[in-house]
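For the sequence shown, this note's numbering assigns the number 48 to the initial residue and increments by one for each residue that follows.
All C-beta atoms in this analysis are idealised placements derived from N, C-alpha and C, irrespective of residue type, glycine included.
This report concerns only the one structure given below.
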Amino acid sequence: MARSAQLLDQRMVWLSGLAMGLGVLAAFVAYVLTHLIGFVTNIAFYGRLSTEFTSPAHNQLGAWVIVVPAIGGLIVGFMAKWGSKAIRGHGIPEAMEQILRNESRIPARITWLKPVSSAVVIGTGGPFGAEGPIIATGGALGSLLGQLIHVTADERKILLAAGAAAGMAAIFSAPVSAVLLAVELLLFERRARSLIPVALAAAAATAIRYRLEGTEAVFAMAAVATPGTAALVLYTLLGALLGAIGVGITKLTYGIEDAFEKLPVHWVYWPALGGLVVGAIGYIDPQTLGVGYDNIAAILNGRLAVGALAILAVLKFVSWSIALGSGTSGGTLAPLFTVGGALGGILGALLATWLPALGMDPRIAALVGMAAIFAGASRAFLASVVFAFETTQQPHGLLPLLSGCAAAYLVSGLLMRHTIMTEKITRRGVRVPSDYSADYLDQVTVGDICSRDVAWLESTQRIGEVRKWIDEGHTRAQHQGFPVFKSGTLIGVVTRKDLLKPSIPGDACVEQLVHRPALVVQESHSAREAADHMVEAHVGRLVVLADGSRTDMVGIVTRGDLLAAHSQRIKEARQTHRHLTTPFHPKN
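Right, dumping it as structure tokens:
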């Protein structure tokens, strides 16, 4: 077996180049999508031909506004029926499912069906953000590229995540949080091999966004002051509360989806029914229509009174949750940010009025609420913290964000097993990793776990002589495999089973049982590398050689040695977590 592979290789340069090109493409797709949403919005609400990204809140349609989202939902329902059902939902769970079940293969038609369907829904007033569809579209582009060229399933996953991260970075000008979101929700790992291409794709996409739309913060805020200790405690408690609300929102949203499943109406028409609710709520409060990025900016800058925040939070949630539950196409980030920011702003304003001495800033409270509710619902903890910072460029908000989102994550983990991103695919039988930890076998060297007191055989020994030695019951004769040497050189391994075959004459030489060269590993290799070598070669043992030597045998490592290493890990875990000592009894 060769020495341990380098951390990175030249293929990574090629893969990183592909990811950067993908990032550039995703940035232009994001630019086109936002203008396509603007185009549909202007036609649907203002009867004019324009691609300007505008809010439908200022329309003059009166009660006719109720019908517009229903028409959009009907169009998307038929697109899902005749195009692909995969366009339904907010995109990230569907991408996760393809990664975990289908080697990151997303059908090519999703690359245009998802953005077009989302533009129709959002442009006709759907209460969604553009980020979910562009994340899904960027991921589909990466998957398509990985299917068109010769790459492994692992590399295709990296390209999918790179495209998704690039899409988010291009929409929000938030490359670091886009990379973190890819790590926490799509890659299911943190390796240099995957991080570098994803980071370069996000950086390339953000550079294109800077060129097309400028470098200003997406949700620009006036400067905030460093919070005091008492305020920081309140922001942490606020995060915990918003984490619990995120759990409730997740459960209620999927409850609404389950209710749609029970309707005596074909699913094609569900988005239209959801659209009627969106339209009715939009008639009551036009600010709930569309992406609502302007609402988020207003919330973070304290431009809305407590009453207006309460109305927006409730009506936006009802509109969004029913629309999403109906199976239409749209995102989750912007609606959650709106609801969380409004709730945080309400609590911050009330506490600032009632307890002014604590120094709580309603704007920071809104910022923490925005990030914490997403951290609680999705458990994308690091992405939530950094996203709020990148989109506002407020460094003094980082500490409240860190403590608030950590508290939200803690509460969410205690109250909810699955998240808003994983509940749907978990119901389909997909097992989604929730924690990523270092491979224990990768931390242990072969030299640490191998059997060193190993008997070996000379090639010229007679098999009858070896059988007699085995029958005598020597301790070293209990092994299942024996290295064979010829003139001091390792030539192979014979098994106990072969030595005891009745069909082999006793006067035959041991060398006659050697059918292939010995499979070896060096003592500094990791146990993971040894395990992989065993699986690839379909063997249960490897000869362990001293580093840099081809003849100096150290011992033998077997599958049993690998299991023994795992047992040590389990023993250590049980000492830390006593509840793991409960025996596992499979259900009958």
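Mapping DSSP to helix, strand and coil, what is residue i?
i, result
"Thr158", "helix"
"Cys497", "coil"
"Val586", "coil"
"Met600", "strand"
"Pro180", "helix"
"Gln569", "strand"
"Ser376", "strand"
"Ile196", "coil"
"Glu263", "coil"
"Thr171", "coil"
"Gly528", "strand"
"Thr297", "helix"
"Thr605", "strand"
"Glu231", "helix"
"Val510", "The residue you asked about is not Val; residue 510 is Ile in the sequence shown. Correct three-state label for Ile510: helix."
"Ile153", "coil"
"Gly339", "coil"
"Leu592", "strand"
Alpha carbon to alpha carbon, how far is residue j from residue i? Give it in angstroms, no decimals.
i, j, result
"Gly302", "Ala370", "13 Å"
"Arg152", "Gln194", "7 Å"
"Met143", "Gln441", "31 Å"
"Ala127", "Ile393", "39 Å"
"Thr81", "Phe100", "6 Å"
"His197", "Leu191", "11 Å"
"Val365", "His313", "22 Å"
"Ile134", "Tyr487", "39 Å"
"Leu504", "Phe529", "7 Å"
"Arg474", "Ser373", "17 Å"
"Tyr330", "Ala211", "34 Å"
"Val38", "Val531", "No statement about residue 38 is possible, as the shown extent of the chain runs from 48 to 635 and does not include it."
"Asp408", "Val386", "18 Å"
"Ser459", "Ala254", "35 Å"
"Thr598", "Gln490", "26 Å"
"Val71", "Glu470", "32 Å"
"Thr628", "Ser425", "Only weak support is given to the placement of Thr628: the predicted model assigns it a pLDDT of 45, under 50, and the question is left unresolved by the model."
Contact defined as beta carbons within less than 8 Å: I believe residue i pairs with residue j. What is the distance between those atoms, to the nearest angstrom?
i, j, result
"Pro244", "Ala209", "5 Å"
"Ala413", "Leu347", "5 Å"
"Gly186", "Leu207", "5 Å"
"Leu592", "His580", "Actually they are not in contact, since the Cβ atoms of Leu592 and His580 sit about 13 Å apart, beyond 8 Å."
"Leu188", "Leu69", "6 Å"
"Thr439", "Phe266", "5 Å"
"Ser650", "Ile205", "Residue 650 lies beyond the range of the chain shown here (48 to 635); nothing can be said about it."
"Phe421", "Leu383", "5 Å"
So, using beta-carbon positions, are residue i and residue j closer together than 8 Å?
i, j, result
"Gly539", "Val561", "yes"
"Gly416", "Gly388", "yes"
"Leu380", "Gly176", "yes"
"Gln508", "Val557", "yes"
"Arg203", "Tyr483", "no"
"Ala454", "Ala277", "no"
"Val115", "Thr171", "yes"
"Glu178", "Gly378", "yes"
"Val1", "Val123", "Limits of the chain in this structure are 48 at one end and 635 at the other, which puts residue 1 out of reach."
"Pro180", "Ser376", "yes"
"Arg514", "Leu547", "yes"
"Gly136", "Ile182", "no"
"Ile30", "Leu233", "For the chain, the structure presents residues 48 to 635; residue 30 sits outside this window and is missing."
"Leu336", "Ala104", "yes"
"Ala74", "Ala217", "yes"
"His443", "Ala272", "yes"
"Phe589", "Ala577", "The question names Phe, but residue 589 in the sequence shown is Leu. For Leu589 and Ala577, yes; Cβs fall inside 8 Å."
"Phe235", "Pro403", "no"
"Asp305", "Ser102", "no"
"Pro274", "Gly406", "yes"
Whose C-beta lies closer than 6 Å to the C-beta of residue i among residues of the same chain, with five residues either side of it excluded?
i, result
"Leu247", "Ser63, Ala66, Met67"
"His465", "Thr473"
"Val18", "Because the chain spans 48 through 635 in this model, residue 18 falls outside it and cannot be assessed."
"Pro552", "none"
Short of 8 Å in beta carbon distance, which residues of its chain neighbour residue i, apart from the five on each side in sequence? Order them along the chain.
i, result
"Thr262", "Ser220"
"Ser571", "Ser51, Thr492, Val493, Gly494, Asp594"
"Trp61", "none"
"Asp332", "Ile358, Leu359, Leu362"
"Ala49", "Per-residue confidence for Ala49 stands at a pLDDT of 43, beneath the threshold of 50, marking its modelled position as unreliable; the derived number appears in the next sentence. Same-chain partners within the cutoff: there are none."
Go through its chain and collect everything with a Cβ distance to residue i's Cβ below 7 Å, but skip five positions before and after it.
i, result
"Leu279", "Leu446, Pro447, Ser450"
"Ala117", "Ala319, Gly322, Leu323, Gly326"
"Tyr93", "Asn106"
"Thr98", "His82, Gly85, Phe86"
"Arg606", "Met581, Gly587"
"Gly535", "Thr598"
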